[in-house]
Structure formats: C-alpha cells, structure tokens
Amino acid sequence: MPNQKLSVVVTRRLPEHVETRMKELFDVTLRSDDTPMSRDELVNAVKTTDILVPTLTDKIDAGLLGQAGEKLKLIANYGAGVDHIDVHTARQRGVLVSNTPGAAAEDTADMTMALILAVTRRIPEGLAVMQSGDWEGWSPTALMGGRIAGRRLGILGMGRIGQAVARRARAFGMQVHYHNRKKVHEGIADELEATYWDSLDQMIARMDVVSINCPHTPSTYHLMNARRLKLMKPDAVIVNTSRGEVIDENALTRMLRAGELAGAGLDVFEHGTQINPRLRELNNVVLLPHMGSATREGRLEMGEKVLLNIKTFADGHRPPDQVVPGML
3 MPNQKLSVVV TRRLPEHVET RMKELFDVTL RSDDTPMSRD ELVNAVKTTD ILVPTLTDKI
63 DAGLLGQAGE KLKLIANYGA GVDHIDVHTA RQRGVLVSNT PGAAAEDTAD MTMALILAVT
123 RRIPEGLAVM QSGDWEGWSP TALMGGRIAG RRLGILGMGR IGQAVARRAR AFGMQVHYHN
183 RKKVHEGIAD ELEATYWDSL DQMIARMDVV SINCPHTPST YHLMNARRLK LMKPDAVIVN
243 TSRGEVIDEN ALTRMLRAGE LAGAGLDVFE HGTQINPRLR ELNNVVLLPH MGSATREGRL
303 EMGEKVLLNI KTFADGHRPP DQVVPGML
C-alpha cells in the first residue's frame, strides 16, 4: 500500500515519543486515556481503520475479526506475545499480524532473576519486617534463605528471553538446564553451558529452580499442570515471567499452601487481574503486576518496532516482524 497515509488506531496510551512519531507518519487515532477499549470500541476500530495497534489486553478473536471491514489489512501488535490475537482467522481474512520480538527480552530476563533472588533470599519478608518497624537487629538465624550459586535452573522455553535468563544465571553460578521444542544451536548451548532435556518431566524433577519463559499457545496451556508440579522437589522454586496460562494456578496454590513447593515468583497470572486470593496470603510467594517489560528503554524499543512494521507495510513490503501460524 505505497504512497498512502494509512489510518491507524492505537488501543492504549503508548510512550509519548512513539505516539508523536505515529502522528507524523500516519493518520492516527490515539487513545485519550490509559484504559482498555471496550468491545464496541474495538469493533468500530476494525471496521474503520487500515491498521490496528493493540496490546495484550485486547482480545482480537474470530468474532471481532468477523466484523472487520475491508480496510483492515494489518494488526501491528505492541508486544511480543500474540496469544490474544486469532492469527489463523486474521490470515484467512487477508489481515497480516506483526509483533515486537526481542524488544523486552533483556528486561524480562532481569525481572526473572529478580524474582529468583526475591523468593530464595526472602526479600519481601525482610521488607515487611522493616516497614512494620519490628526489626530488633541482626540475628544468626533470622530470615535465612538459600544460596543460588550451584543450584540447578531449569528453563522452560529457550528463546530470546530464556537465553538471556541463562546468561544471567551463569553469572550467578547456577547450572543451566533447559527444555525446548528443539535444541538451540550448539554454539549457543556451549556458550551458556546449558544442558538440554528432551523430557520436560525428567528435567523438572531434578531442578532447584524452574523458570517459565515459553509463550502461551494451545500446546503450552497448563503445561505445568498438577501432575508436573508434583514432580518438582519440595524445596524447589518456580518463577513465571511469561504467561500465566502456562501454569495451573489452582494446583500451584494448593501445593504452596501444603508446603509441597518452597516458593514461587509470579509476574503473570492465569486469569489476568483475577488472582487466586489464597496466593496473596502466602509469605513464600512474590507477586508482581506484570512488570517484566516495564522499562522506558524496552517500551520505546517496542514502539519503534511497531512503527517499522507499519512503515514497511505502508511502503508495500512485508512487515519484518510478521507473525504466521507456523510460528505459534
């Protein structure tokens, strides 16, 4: 679609720099506040615009796409995950989908390590003591956690984020293991000193820490179900900075409450903001509000990728970060 100023609808507030560039390049409708669009607003958007820029809070399902007008040609997602978009239906309707892979990999890996340390070293418990004013001084037996150096880290999903987690874990002296759909390149595995496990069951049964870094797809829904969670060692810790749907949250909560797992660090939840209230009661669980990619640098880089995908499409070419069903 070269030589056209395309109409673009953005569903959420984006960093100011990104919004300004969109105004300069396209006929863009920006969101006036930082609330998700209603279903009716989304329907109106897909009926009237050339390009939709959604985020993970927008459900772009078959029903919505079925109401799209003939103008809609590209869904340029602001984010790497596309589990909220029905990519198959979009493709059938001739609508391309793009995302922003890699933009937040380093930031999410930082948060993964932060959660591992927070849970194993009982940092929130220490903060609570200080904030309550109950600290009476140093004690040789107070708030003892566990050393992570020498522990085995099992990474579920060895993509960009998983590899970034592995590099950080090695710097902390952890032993890196991973399960993935296929082995990573031999050079990468050697650099990370990472051991591949074809069997997820066998890997998690031997790990001290399990990190979830795979996307949410139909094949990864409840990949960590009750049966697999029970394979983990009672003194093991699980951390999730990917998608909440990968873990059976109710089963995880039951095991944590029963002392069958040592702890958990969760940045994402199975039902979005509807978090199992019993998780909040546990002092061996660290809960964060989906902060993995929340850096100024990462969010700007995501926006730059969205702009590049739209501009490339506007110039009549395939977006560099096009998502196709085979990738899911």
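So the sequence shown is numbered by my numbering: it starts at 3 and just counts up by one. Using N, Cα and C, we set each Cβ at its ideal position, and we do this for glycine too. Every value quoted in this text rests on a predicted model; they were computed, and no experiment measured them.
Cutoff 6 Å; reference residue i; Cβ partners in own chain excluding five residues on either side
i, result
"Arg2", "Residue numbering for the chain in the displayed model covers 3 to 330; residue 2 lies beyond these limits and cannot be assessed."
"Val20", "Gly305"
"Gly278", "For the record, residue 278 in the displayed sequence is Asn; it is not Gly. The residues are Glu251, Thr255."
"Met115", "Arg170"
"Arg15", "Arg33, Asp36"
"Met257", "Leu231, Leu263"
"Gln177", "Arg154"
"Met24", "Val30"
"Lys73", "Asp52"
Per-residue DSSP class, three states only, for residue i
i, result
"Thr31", "strand"
"Pro62", "The question names Pro, yet the displayed sequence has Ile at residue 62. Looking at Ile62 - three-state DSSP - the assignment turns out to be strand."
"Ile53", "strand"
"Gln94", "helix"
"His181", "strand"
"Ala196", "strand"
"Ile190", "helix"
"Ile87", "strand"
"Thr314", "helix"
"Leu289", "strand"
"Val48", "helix"
"Gly71", "coil"
"Val308", "helix"
"Val326", "coil"
"Pro4", "No answer about Pro4 holds up, because its pLDDT of 49 lies below 50 and its placement is not dependable."
"Gly294", "coil"
"Glu21", "helix"
"Gly175", "coil"
"Met368", "Since the displayed the chain opens at 3 and closes at 330, residue 368 lies outside it and no answer follows."
"Ile118", "helix"
"Pro321", "coil"
"Arg15", "coil"
"Asp36", "coil"
"Leu281", "helix"
Residues near residue i by beta carbon distance below 8 Å, same chain, minus five either side
i, result
"Val11", "Val30, Thr31, Ala47, Thr50, Thr51, Ile53, Leu54, Val55"
"Val239", "Ile118, Val121, Thr122, Asp210, Val211, Val212, Leu263, Ala264, Gly265, Ala266, Gly267"
"Lys75", "Met3, Asp52, Ile53, Gly96, Val97, Leu98, Phe315"
"Pro236", "Gly261, Glu262, Leu263, Ala264"
"Arg172", "Val178, Leu194, Glu195"
"Ala64", "Asp88, Thr91"
Straight-line Cα distance separating residue j from residue i
i, j, result
"Thr110", "Gly274", "18 Å"
"Asp36", "Glu18", "12 Å"
"Asp112", "Tyr180", "18 Å"
"Leu231", "Gly81", "29 Å"
"Gln165", "Ser295", "16 Å"
"Gln133", "Ala144", "16 Å"
"Thr59", "Gly246", "13 Å"
"Gly189", "Gln204", "24 Å"
"Lys185", "Leu27", "41 Å"
"Leu290", "Arg282", "11 Å"
"Pro327", "Met160", "20 Å"
"Trp199", "Asn182", "8 Å"
"Arg229", "Gly318", "49 Å"
"Asn227", "Thr91", "28 Å"
"Ser244", "His224", "13 Å"
"Gly148", "Ser9", "54 Å"
"Thr22", "Leu194", "40 Å"
"Pro322", "Asn311", "6 Å"
"Gly68", "Ser40", "17 Å"
"Leu302", "His292", "17 Å"
"Leu158", "Val270", "15 Å"
"Gln324", "Val248", "24 Å"
"Met146", "Ala168", "25 Å"
"Ala130", "Arg93", "50 Å"
"Ala253", "Gly83", "24 Å"
Beta-bridge partners of residue i, as assigned by DSSP
i, result
"Ala78", "Ser100"
"Leu202", "Paired residue(s): none; Leu202 is not in a bridge."
"Ser9", "Asp29"
Own chain partners of residue i with C-beta closer than 7 Å, once the 5 adjacent residues on each side are dropped
i, result
"Ile62", "Pro56, Ile77, His86, Ile87, Asp88"
"Pro126", "Ala120, Val288"
"Leu66", "Leu44, Val45, Val48"
"Gly175", "Ala151, Gly152"
"Asn285", "Glu127"
"Ile1", "For the chain, the structure presents residues 3 to 330; residue 1 sits outside this window and is missing."
"Arg1", "With the chain represented from 3 up to 330, any question about residue 1 goes unanswered, as that position is not in the structure."
"Thr297", "Asp109"
"Gly300", "Ala105, Ala106, Asp109"
"Ile163", "Ala107, Thr110, Ala111, Asn215"
Below-7 Å beta-carbon distance, residue i vs any chain D residue
i, result
"Leu158", "Reference to chain D is not applicable here, since this structure consists of a single protein chain."
Item to complete: List in chain order: all unbroken alpha helix (DSSP H) runs of 4+ residues lying wholly within the region 122-164.
Response: For the region 122-164, whole alpha helix (DSSP H) runs of length 4 or above, ordered along the chain, are 125-134.
Practice prompt. Could I get the ranges of all uninterrupted alpha helix (DSSP H) runs contained in the region 207-269, with 4 residues as the minimum, in chain order?
Written response: 228-233, 251-259
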